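Scroll down for the structure; my scribbles are underneath it.
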Amino acid sequence: MKISEIESLEAFACVQAEYNDVEVRAGYTSDLLSDVMGNADEDSVLITIQAHKNTVAVSSLAGVVAIIICNSRSIPDEMLEAARNEGIAIFETAENQFNTSALIAQHLGGCPAR
Amino acid sequence: MDGEPREPLQSSLRVQELIYGLRISEVMTSKVFAVSRNCTMRDVQTIMKNNSITGVPVVDNKRVVGIVTMNDLMNALEQGAMGDGVVKWMVGEVQTLAEDMPLSFAISAFGKFSFRQFPVVNKKNELTGILTFRNINHALIRELSRQLREMEQQHENPVEPGSLRFNKVYQLHRYDFENGGKASSEIKRFLKERGIPPKTLRRVAVASYELEINLVAHSIGGMLGFDINEKRVKISAHDRGPGIEDTEKAMTEGFSTANEWIRSQGFGAGMGLPNVKRVSDEFAIESAVGMGTMVQAVIHLNPEKENED
């Protein structure tokens with residue numbers, strides 16, 4: 088699945104669209120940045136409610152290519168700006184993390200085999 | 008970079024790097040004059056006079072049980088009690104330093120206590136040396152001269168562009184989450200531009216970022232140093248305190264002392280240090296309450312190890 092395909096899904100609104108439209112290979116759902124840092128796969132989409140500039144820093148270091156902010160949490164401008172600088176896509180959604188994960192997993196072609 | 012008002016010692020990054028990098032054992036005087044419990048104050052006086060020193064530890068079976076300083080000697084002298092045993096006049100509760108602590112801990116200790124010297128002990132708690140400010144001055148001059156010489160040589164043979172050799176120290180301030188992560192990003196970019204494979208890159212990024220955030224979230228301030236060559240990336244984090252009470256606990260996944268505010272920034276999951284250790288090929292931590300913490304992580308750039316995670 089390409090990042091742009093997330094944009095085409097009804098549940099998600101793209102709020103930071105200056106990104107490289109690369110292939111998303113996995114997803115990771117977490118609100119703890121150290122957890123993301125340590126465990127998220129390269130080229131994954133991060134599903135979280137942690138709408139903060141630091142989330143972008145961690146994503147960039149971990150190789151996360153897109154972030155989905157759940158539960159309609161408000162996203163600070165500085166987070167958007169940081170993501171723009173790093174070329175990381177940001178989406179917002181009213182869905183919670185569970186539903187978002189399920190939706191994304193479906194489009195990734197099911198849960199990737201562990 | 009603006010100066011932090013509470014900083015006790017405003018030295019250059021080079022000097023700070025030095026005081027963090029040197030171990031007490033490399034700086035202390037190893038030839039110690041000590042007395043046993045059954046010696047008299049007069050014995051101490053003779054030792055002090057003959058060797059121009061101002062403090063003599065009292066030992067029992069190599070363990071430090073007290074220290075007699077110039078002050079104690081003068082008190083005894085005033086009372087005409089130079090024939091008394093040292094036990095009567097010595098200070099019994101002695102603050103010692105461990106020989107493998109970084110020199111920065113000692114400097115904190117000199118700031119915290121008003122002692123002029125600290126007995127130094129090994130892991131078995133046996134007296135192995137004594138540390139005075141004079142030792143520190145000597146060591147700093149020696150090391151700075153060596154570094155200046157190196158810099159002069161480097162100036163004559165400048166490092167070629169694209170080389171993996173890199174040395175940089177970043178200053179980090181408490182709760183400055185705005186800038187936390189900058190050093191790690193810079194290092195990651197540096198290595199990426201030089202073709203380091205993604206998996207290795209990731210390991211360096213994890214170690215460096217966790218240490219960087221630790222300094223910001225948990226220390227009163229410190230520095231993060233990178234020493235990179237063709238073989239490895241060495242990351243050292245040093246801070247001025249508060250120090251970790253139980254390093255073993257701090258290394259346990261899920262254990263965290265983070266407050267609500269730190270957690271609201273997305274940190275404090277208790278995974279920082281365990282993450283660093285997991286991705287490092289070599290890992291060491293040293294901490295003392297009131298003095299500081301030092302963490303060193305080394306990641307090999309050896310491509311054969313690539314398939315290991």
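Line by line, the protein sequences give chains A and B. The first sequence begins at 88 in the numbering used here and counts up one residue at a time. The second sequence begins at 8 in the numbering used here and counts up one residue at a time. Note that the Cβ used here is the ideal one computed from N, Cα and C, for glycine as well. Computed from a prediction, not measured in an experiment: that's the story for all the values here.
> By the criterion of Cβ-Cβ separation under 9 Å, what are the contact partners of A/Asn141 in chain B?
Replying inline: Here residue 141 of chain A refers to the residue found at position 54 of the first sequence. Those are Phe184, Gly187, Gly188, Ile220, Gln272, Gly273, Phe274, listed as they occur along chain B.
>> Please state whether the Cβ-Cβ distance between B/Ile306 and B/Val240 is less than 9 Å.
In response: Taking the second sequence and counting its residues from 1, the one referred to as residue 306 of chain B is at position 299. Taking the second sequence and counting its residues from 1, the one referred to as residue 240 of chain B is at position 233. A contact, by the Cβ cut-off of 9 Å.
> In chain A, which residues lie less than 7 Å from B/Val213 when you measure between Cβ atoms?
Replying inline: On the second sequence, residue 213 of chain B is found 206 positions in, with the first residue counted as 1. By Cβ distance, chain A contributes Met124, Gly125.
> Mind checking whether B/Lys131 and B/Lys69 have CB atoms under 9 Å apart?
Replying inline: The residue labelled residue 131 of chain B in the question sits at position 124 within the second sequence. The residue labelled residue 69 of chain B in the question sits at position 62 within the second sequence. Yes; because the gap between Cβ atoms is below 9 Å, this pair is in contact.
> Which residues in the same chain as A/Leu190 place their Cβ atom closer than 8 Å to its Cβ, once the five residues preceding and following it in sequence are excluded?
Replying inline: In the first sequence, residue 190 of chain A corresponds to position 103, counting from 1. Once the five neighbours on either side are set aside, the close Cβ partners of A/Leu190 are Leu96, Ala98, Glu182.
>> So B/Gln52 and B/Leu25 are supposed to be a Cβ contact under 8 Å. How far apart are they, rounded?
In response: Reading the second sequence from its first residue, position 45 is the one you call residue 52 of chain B. Reading the second sequence from its first residue, position 18 is the one you call residue 25 of chain B. No, B/Gln52 and B/Leu25 are not in contact; Cβ-Cβ is about 36 Å, not under 8 Å.
>> Can you tell me whether A/Asp108 is helix, strand or coil according to DSSP?
In response: Stepping through the first sequence from its first residue, residue 108 of chain A is reached at position 21. Assigned with DSSP and collapsed to three states, A/Asp108 falls in coil, not helix or strand.
>> DSSP three-state label for A/Ile162, please.
In response: Locating residue 162 of chain A in the first sequence gives position 75, where the first residue counts as 1. Three-state result, A/Ile162: coil.
>> As a quick exercise: from A/Gly196, A/Leu167, A/His194, pick the residue whose alpha carbon is nearest that of A/Ala104.
In response: The sequence position of residue 104 of chain A within the first sequence is 17, counting from 1. Of A/Gly196, A/Leu167, A/His194, the residue nearest in Cα terms is A/Leu167.
> Can you list the beta strand (DSSP E) stretches of 3 or more residues lying completely in the stretch 88 to 144 of chain A, in chain order?
Replying inline: 100 to 103, 113 to 116, 131 to 135
> Under 9 Å between the Cβ atoms of A/Ile134 and A/Tyr115?
Replying inline: Here residue 134 of chain A refers to the residue found at position 47 of the first sequence. Here residue 115 of chain A refers to the residue found at position 28 of the first sequence. In this structure, A/Tyr115 lies closer than 9 Å to A/Ile134 by Cβ.
> What is the rounded straight-line gap between the Cα of B/Gly99 and the Cα of B/Val128?
Replying inline: Position 92 of the second sequence, counted from the start, is the residue given in the question as residue 99 of chain B. Position 121 of the second sequence, counted from the start, is the residue given in the question as residue 128 of chain B. Each residue's Cα considered, the two are about 16 Å apart.
> Quick one: is B/Pro1 buried, meaning 16 or more other Cβ sit within 10 Å of its Cβ, or exposed?
Replying inline: Chain B is shown only over 8 to 316; residue 1 of chain B falls outside these bounds and no answer can be derived.
> Closest by CA to B/Leu179, which one among B/Glu85, B/Val296, B/Asn221?
Replying inline: For the purposes of this step, residue 179 of chain B is identified with residue 172 of the second sequence, where counting begins at 1. When each option's Cα is compared against that of B/Leu179, the closest is B/Asn221.
> Apart from the five residues just before and just after A/Asn107, which ones in its own chain have a Cβ nearer than 6 Å to its Cβ?
Replying inline: The residue you call residue 107 of chain A lines up with position 20 of the first sequence. Within the same chain, A/Asn107 has close Cβ partners Gly174.
> CA-CA distance, B/Glu293 and B/Thr300?
Replying inline: Translated into positions along the second sequence, residue 293 of chain B becomes position 286. Translated into positions along the second sequence, residue 300 of chain B becomes position 293. So the two alpha carbons sit approximately 6 Å from each other.
> Quick one: does A/Asp118 have its CB under 9 Å from some CB of chain B?
Replying inline: Position 31 of the first sequence holds residue 118 of chain A. Yes, because at least one Cβ of chain B sits closer than 9 Å to the Cβ of A/Asp118.
>> For A/Gly150, tell me which candidate among B/Pro205, B/Ile251, B/Gly277, B/Gly228 has the shortest Cα-Cα distance.
In response: In the first sequence, counting from the first residue as 1, residue 150 of chain A sits at position 63. With distances taken between Cα atoms, A/Gly150 lies closest to B/Pro205.
> Listing by chain order, which chain A residues have their CB less than 9 Å from the CB of B/Asn58?
Replying inline: As a working note, residue 58 of chain B is residue 51 in the second sequence. Result: empty, since nearest Cβ-Cβ is about 53 Å, beyond 9 Å.
>> I'd like to know if B/Ser5 contacts chain A, where contact means its C-beta is closer than 9 Å to some C-beta of that chain.
In response: As displayed, chain B neither begins before 8 nor continues past 316, which places residue 5 of chain B out of reach and without an answer.
> Below 8 Å, can you find three or more Cβ-Cβ pairs linking the stretch 112 to 119 of chain B to the stretch 136 to 143 of chain B?
Replying inline: With the rule of 3 Cβ pairs closer than 8 Å, the stretch 112 to 119 of chain B counts as touching the stretch 136 to 143 of chain B.
> Using DSSP with H/G/I as helix, E/B as strand and the rest coil, what is B/Lys131?
Replying inline: Counted from its first residue, the second sequence places residue 131 of chain B at position 124. In this structure, B/Lys131 counts as coil in the three-state DSSP scheme.
>> For B/Thr61 and B/Met77, which I take to be in contact (beta-carbon distance under 8 Å), what is that distance rounded to the nearest angstrom?
In response: If you number the second sequence from 1, residue 61 of chain B lands on position 54. If you number the second sequence from 1, residue 77 of chain B lands on position 70. At roughly 5 Å, the Cβ-Cβ gap stays under 8 Å, so B/Thr61 and B/Met77 are in contact.
>> Rounded to the nearest angstrom, what separates B/Asp91 and B/Ile251 at their Cα positions?
In response: Here residue 91 of chain B refers to the residue found at position 84 when the second sequence is read from its first residue. Here residue 251 of chain B refers to the residue found at position 244 when the second sequence is read from its first residue. Taking the straight line from one Cα to the other gives about 41 Å.
> Which whole-angstrom value is the C-beta distance of B/Met258 and B/His245, which I expect to be below 8 Å?
Replying inline: Start at 1 with the first residue of the second sequence, and residue 258 of chain B comes out as number 251. Start at 1 with the first residue of the second sequence, and residue 245 of chain B comes out as number 238. Actually they do not touch by this definition, with Cβ atoms about 18 Å apart.
> Could you give the C-beta distance for B/Val176 and B/Gly232, rounded to a whole number, given that I count them as a contact under 8 Å?
Replying inline: For the purposes of this step, residue 176 of chain B is identified with residue 169 of the second sequence, where counting begins at 1. For the purposes of this step, residue 232 of chain B is identified with residue 225 of the second sequence, where counting begins at 1. Sure, about 4 Å apart at Cβ, within 8 Å.
> In whole angstroms, what is the alpha-carbon distance linking B/Tyr173 and B/Lys256?
Replying inline: Stepping through the second sequence from its first residue, residue 173 of chain B is reached at position 166. Stepping through the second sequence from its first residue, residue 256 of chain B is reached at position 249. The sequence as given places Phe at residue 173 of chain B; Tyr does not occur at that position. So the alpha carbons of these two residues sit roughly 33 Å apart.
>> With distance defined between alpha-carbon atoms, name the residue in B/Gly261, B/Arg196, B/Met158 nearest to B/Arg21.
In response: The residue given as residue 21 of chain B occupies position 14 in the second sequence. Of the candidates B/Gly261, B/Arg196, B/Met158, the one whose C-alpha sits nearest the C-alpha of B/Arg21 is B/Met158.
> Where does B/Tyr182 sit, in a helix, a strand or coil, going by DSSP?
Replying inline: In the second sequence, residue 182 of chain B corresponds to position 175, counting from 1. Coil, per DSSP.
>> Which same chain residues end up closer than 8 Å to B/Leu151 when comparing Cβ atoms and leaving out the 5 residues on each side of it in sequence?
In response: Translated into the one-based positions of the second sequence, residue 151 of chain B becomes position 144. So the qualifying residues of the chain are Arg21, Val22, Leu25.
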